[in-house]
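Below you'll find the structure, written out as structure tokens, and then a few comments.
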Amino acid sequence: MQQVSQTILHGDPSGRPGNCLQAAVASLLELPLDEVPHFVEYDDWQERLAEFCTAYGYRPVMRPPGTDVAYGMAWGPSERGVRHAVVWADGAMVWDPHPSRAGLELVTELIAFEELGGAR
């Protein structure tokens, strides 16, 4: 995992949504931010996320909060009152792409990155 920070924050004057998900995926897949799509700008963002991760050897799978997730993401409300994505490993947050690094107030969703056969 590499630490990639988001570059678009909630409330950006451009009107674009924050890119915490893009930064979390870049961190997990160890890619530069500009090589990862800004998924939430698309209506079919979940399908695009799954296809992108699969191309890099991982299948994102939703898990209930409290489930043991070895490598993936957690989502939930941030202290800023918006839905936020962070990097999750071994049952804990390991990286918050937001500049505050404050993490989540509550984990509402977990997304395990399950390695596909032959992946790195």
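Using the numbering used here, you'd call the opening residue of the sequence shown number 170 and step up by one each time.
Idealized CB from N, CA, C, for every residue including glycine.
Item                                                                                                                                                                   : Value
Note down the Cα distance separating H179 from V263, rounded to an integer number of angstroms.                                                                        : 21 Å
For M170, count neighbouring C-beta atoms within 10 Å of its own C-beta (all shown protein chains included) and say buried if the count is 16 or more, exposed if not. : exposed
Is the beta carbon of A243 closer than 7 Å to that of V209?                                                                                                            : no
Please determine, among V255, G272, V205 and R270, the residue with the shortest C-alpha to C-alpha distance to L279.                                                  : V255
Whole angstroms are fine: how far does the CA of A271 sit from the CA of M231?                                                                                         : 23 Å
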